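Below you'll find the structure, written out as structure tokens, and then a few comments.
Residue numbers (UniProt numbering): 1 to 175.
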């Protein structure tokens, strides 16, 4: 699926919901089953990954994802607002997570160069060590609970579907 396809789907979704009447468009039986399967699978998958991180890692699943985002950015540094947007979490939630991680020496905050209002978050050497140490168990759990459970086609379709959902949610949030 291309970004144009995702944009077209998001536009279609906006139009469908913008013109919706007061009467709800109820899900049919199959849609209800698929929706509930999605909710059940998502909750169980996140819980399983979270438990795995608690047992095998020095960081929680949320902290791991934050470190991954920092590791993928230039100089292992991101502006706090960009970090929150990239993680799809509230700025206050990210601020609290960063404060806990900063106290453990995994990240540090500093004023953004050229903008006194901005704050950057930088991964420390210790944060990078913890990320590298946690990565093998994380990837093994993702494979065990998702990648190896699905066929390659299912996994690809899941990724494409969730990219479309994420885009629709971004568009809705921005409007």
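We treat Cβ as the ideally placed atom computed from N, Cα and C, and that holds for glycine. Since the structure is predicted, the reported quantities are computational estimates derived from the model, not experimental observations.
query, result
"Taking Cβ to Cβ, would you say residue 94 is nearer than 9 Å to residue 66?", "yes"
"Considering only their Cβ atoms, is the gap separating residue 104 from residue 97 smaller than 9 Å?", "no"
"So, under 8 Å CB-CB, residue 57 and residue 137 are touching, yes? Tell me the CB distance rounded to an integer number of Å.", "6 Å"
"Quick check on the DSSP output: the alpha helix (DSSP H) that includes residue 80 runs from which residue to which?", "80 to 87"
"Please name the residue or residues paired with residue 110 in a DSSP beta bridge.", "120"
"So what's residue 115 in DSSP terms, helix, strand or just coil?", "strand"
"If we count Cβ pairs, one from each stretch, closer than 8 Å, do we get three or more for the region 107 to 122 versus the region 78 to 87?", "yes"
"What are the boundary residues of the alpha helix (DSSP H) that includes residue 105?", "Residue 105 -> no alpha helix (DSSP H), and no H or E assigned at all."
"Helix, strand or coil for residue 125 per DSSP?", "helix"
"Would you give the residue range spanned by the alpha helix (DSSP H) that residue 36 belongs to?", "29 to 56"
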